[in-house]
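First comes the structure, then the notes that go with it.
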Ligand code: NAD
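In my numbering, the protein residues as written are 67 to 619.
So this is what it looks like as structure tokens:
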């Protein structure tokens with residue numbers, strides 16, 4: 067018997083069925099993560115990032131929804147790797163949900179052990195915002211991707227990518243932001259993607275401009291746009307493990323080269339080249355070891371080609387998917403000769419606690435988001451990056467699922483924005499509460515030595531006390547729900563990170579929660595970097611008044 071796939075869409079509007087707005091918000095955000103407009107493979111509960119899931123099984127999903135609807139305002143629901151396991155009486159100001167995803171004791175923190183537990187129904191992979199119910203579609207990463215390419219433009223190309231070509235791969239949930247981000251930074255993007263449906267999706271949502279017939283065609287088109295100084299994005303169907311080495315063979319070098327295939331997961335993320343008579347899914351199912359070996363071999367070849375293009379003058383950087391590590395494991399000894407994007411372009415922002423801050427309108431009405439856009443333009447008139455981003459976003463971004471917005475804000479900015487939203491809910495300028503969260507790609511809530519904490523000044527890259535402190539601080543400071551994950555972004559064994567979500571429902575309680583948790587959360591970014599010795603973070607702490615006993619500030 068075949069059953070129709072379930073189609074999930076979050077309720078909209080000012081009426082709730084749960085006993086409090088936090089419970090209602092958690093329920094709607096879980097559902098929104100699985101909205102077909104938002105999720106990459108909703109029928110499998112997969113939201114983005116390879117197999118990043120929102121709930122372990124459909125049964126677990128139903129139980130979570132049911133429990134959130136009956137949860138009292140002094141109770142907390144515990145979720146273990148996507149399964150609701152308990153409701154405890156806590157305090158009214160405590161988080162209503164606590165989530166732990168994919169965590170394993172360090173010695174066992176491998177994909178092999180995870181796969182064994184996953185197959186036994188004991189775990190799920192939560193990625194970052196998939197299992198913590200605050201994914202908002204590709205927009206969620208767009209501004210960050212734009213910030214990265216803009217920083218690359220500033221560092222290497224005099225402030226704009228105009229007249230440059232960037233080659234990258236992966237047009238998935240996150241990688242799909244790359245073509246638009248490169249374009250926003252003024253450049254031309256060639257994006258290699260092995261799955262035609264992903265190319266279609268990015269065309270439909272206006273993240274990608276056009277598709278080329280072949281690599282040669284893509285290069286020809288890109289060179290034309292480059293010569294005219296036109297910003298444009300071009301997709302090309304193919305396997306990066308074949309097409310990036312083909313660039314070397316063709317003796318053609320782009321100005322920038324990076325990658326956002328799901329290389330963090332060699333088994334389910336990165337797709338090795340297959341012969342026309344083979345099917346990748348079948349190969350994986352029937353010959354798992356051969357599949358894994360071929361994925362590793364492909365990633366090694368891919369990285370060798372990136373290294374060669376770098377030697378020939380391309381600016382190469384790793385885009386947070388752990389491709390270099392996979393190549394190293396497959397024998398490419400100099401895989402780490404090109405840097406990760408955080409030390410290359412983003413760390414200064416992290417020293418100010420700056421990072422992706424996002425919010426979602428539970429009314430479902432885009433007008434609510436446009437009203438918050440206008441309010442932020444007035445609140446931060448001197449922040450030029452924010453002004454140009456919000457103006458662009460309001461005009462150009464297609465919403466996926468519940469209307470949402472992202473922008474980068476730092477310490478002592480996020481709480482101002484959040485309290486303003488709370489006032490707007492209270493006085494009726496917004497039609498329903500606003501959910502406020504952030505990515506785990508963040509200044510102070512992640513330990514990820516090949517990404518957020520790569521090349522820390524004091525060598526403390528792998529210290530994961532910081533995300534644990536972040537998790538605990540969020541709970542102590544009034545977050546609506548908190549999560550602690552392992553393996554997001556770069557895969558099992560390589561990262562630990564914490565997620566925070568808050569709520570502006572117009573109440574005094576919300577105002578109090580927001581003014582604690584949205585100060586302390588970005589504050590963790592400042593103190594993490596101050597403690598590691600970054601002068602810019604120490605100055606930020608001093609100027610904005612953070613109490614740092616060990617530094618005498
Ligand atoms: P996704 O799984 O939704 O998409 C990955 C895409 O890569 C898919 O469309 C897939 O078809 C394609 N792909 C896989 N192998 C390929 C190959 N050999 N050649 C061409 N295309 C191939 O994942 P996502 O959410 O887009 O994330 C991509 C990666 O980026 C992940 O590793 C993720 O952890 C990482 N990530 C980075 C950031 C960041 O800011 N740098 C943020 C989030 C995630």
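Glycine included, C-beta positions come from ideal geometry on N, C-alpha and C.
Near the ligand NAD: residue i beta-carbon under 7 angstroms from a heavy atom
i, result
"residue 337", "yes"
"residue 330", "yes"
"residue 156", "no"
"residue 264", "yes"
"residue 240", "yes"
"residue 327", "yes"
"residue 260", "yes"
"residue 207", "yes"
"residue 187", "no"
"residue 407", "yes"
"residue 386", "yes"
"residue 553", "no"
"residue 121", "no"
"residue 167", "no"
"residue 99", "no"
"residue 535", "no"
"residue 103", "no"
"residue 139", "no"
"residue 175", "no"
"residue 212", "no"
Cβ-Cβ separation, residue j to residue i (assumed contact under 8 angstroms), whole Å
i, j, result
"residue 120", "residue 100", "5 angstroms"
"residue 442", "residue 456", "6 angstroms"
"residue 98", "residue 468", "5 angstroms"
"residue 161", "residue 541", "6 angstroms"
"residue 465", "residue 422", "Contact flag wrong, Cβ pair sits at about 17 angstroms."
"residue 192", "residue 551", "5 angstroms"
"residue 577", "residue 546", "Wrong, their Cβ atoms sit about 13 angstroms apart, outside the cutoff."
"residue 175", "residue 559", "4 angstroms"
"residue 257", "residue 281", "Actually they do not touch by this definition, with Cβ atoms about 12 angstroms apart."
Classification of residue i by the beta-carbon crowding that lies within 10 angstroms, buried from 16 upward
i, result
"residue 96", "buried"
"residue 316", "exposed"
"residue 164", "buried"
"residue 353", "exposed"
"residue 173", "exposed"
"residue 478", "buried"
"residue 157", "exposed"
"residue 518", "buried"
"residue 342", "exposed"
"residue 214", "buried"
"residue 586", "buried"
"residue 151", "exposed"
"residue 188", "exposed"
"residue 182", "exposed"
"residue 321", "buried"
"residue 562", "buried"
"residue 504", "buried"
Nearest-angstrom Cα separation, counted from residue j out to residue i
i, j, result
"residue 399", "residue 166", "35 angstroms"
"residue 288", "residue 246", "15 angstroms"
"residue 131", "residue 93", "6 angstroms"
"residue 372", "residue 319", "10 angstroms"
"residue 259", "residue 492", "46 angstroms"
"residue 148", "residue 118", "11 angstroms"
"residue 359", "residue 495", "57 angstroms"
"residue 106", "residue 506", "19 angstroms"
"residue 470", "residue 573", "21 angstroms"
"residue 19", "residue 444", "It is not possible to answer for residue 19, since the shown part of the chain is limited to 67 through 619."
"residue 122", "residue 591", "31 angstroms"
"residue 630", "residue 284", "A question about residue 630 goes unanswered here, because the residues of the chain that appear run from 67 up to 619."
"residue 262", "residue 304", "9 angstroms"
"residue 126", "residue 566", "22 angstroms"
"residue 79", "residue 266", "31 angstroms"
"residue 489", "residue 461", "25 angstroms"
Beta-carbon spacing of residue i, residue j below 8 angstroms
i, j, result
"residue 290", "residue 268", "no"
"residue 252", "residue 297", "yes"
"residue 564", "residue 533", "yes"
"residue 386", "residue 555", "yes"
"residue 600", "residue 417", "yes"
"residue 326", "residue 244", "yes"
"residue 306", "residue 368", "yes"
"residue 255", "residue 234", "yes"
"residue 404", "residue 437", "no"
"residue 328", "residue 197", "no"
Near the ligand ADP: residue i beta-carbon under 7 angstroms from a heavy atom
i, result
"residue 363", "The ligand ADP is not among the ligands present in this structure, which contains only the ligand NAD."
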